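Chemist: Residue numbering for the sequence shown follows our numbering, beginning at 1 and increasing consecutively.
Glycine included, C-beta positions come from ideal geometry on N, C-alpha and C.
Predicted model only: the values in this text are computed from it and were never measured.
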Amino acid sequence: MTRLKTILANTAAALCLCAGAVSAQEAPKLVTILTEAAPQTQLMAMVLTLQAAQQGAAPHVLLCDAGGDLALKDAPKSATAGQPPMDVSPQGLMQKIMTMPGARVEVCALYLPGRGQGPEILLEGVGVAKPGAMAAAMMAADARMSF
């Protein structure tokens, strides 16, 4: 009986260790790069990124060129107008993504200099990507890319 108790205790301990290791694993990463001006394309990129985040991915969104306009405090109407069928805007969905665990939203390093402006024009919580760090995020073994 003592041997059975020892086996059961060791099994329980092993299960606890395994469960801890699984819960300690990092979420898979999704890198979404958006450069498109078309509102429907912008919205679909945000829809897919949100869906991945809801399924456990840590989203990292890089906004470049016209895609960077989603990050503006004074964004164009195309970024803020609700779209069918749910009357959601690309910028609104991007802001929802920003609240997800592990989420990062950044404009590309060329976006602000190209506009001749600084980071004060960006929504709170939107950063400016550093090329080296962004390249590392794209090359990470556990990263998936979305364009």
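What are the uninterrupted segments assigned as beta strand (DSSP E) that are 3 or more residues long and contained completely in the region 82–146, given in chain order?
Modeler: Runs found: 104–107, 143–146.
Chemist: How long is the line joining the alpha carbons of Ala21 and Ala136, rounded to whole angstroms?
Modeler: Low per-residue confidence applies at Ala21: pLDDT is 37, beneath 50, and the placement is therefore not dependable, though the value from the model is reported in the following sentence. If you take the alpha carbons of Ala21 and Ala136, they lie about 25 Å apart.
Chemist: Using C-beta distances below 8 Å, list every residue in its chain close to Ala81, excluding the 5 sequence neighbours before and after it, in chain order.
Modeler: Correct list, in chain order: Pro39, Ser89.
Chemist: Apart from the five residues on each side of it in sequence, which residues of its chain come closer than 6 Å, Cβ to Cβ, to Thr35?
Modeler: Once the five neighbours on either side are set aside, the close Cβ partners of Thr35 are Cys64, Asp65, Gly67.
Chemist: By DSSP's criteria, Val31 is part of a beta bridge. Which residues make up the other side?
Modeler: In the DSSP output, where bridge partners are listed per residue, Val31 has His60, Met145.
Chemist: Hey, how far is the Cα of Gln91 from the Cα of Lys77?
Modeler: Straight-line Cα distance between these residues: approximately 10 Å.
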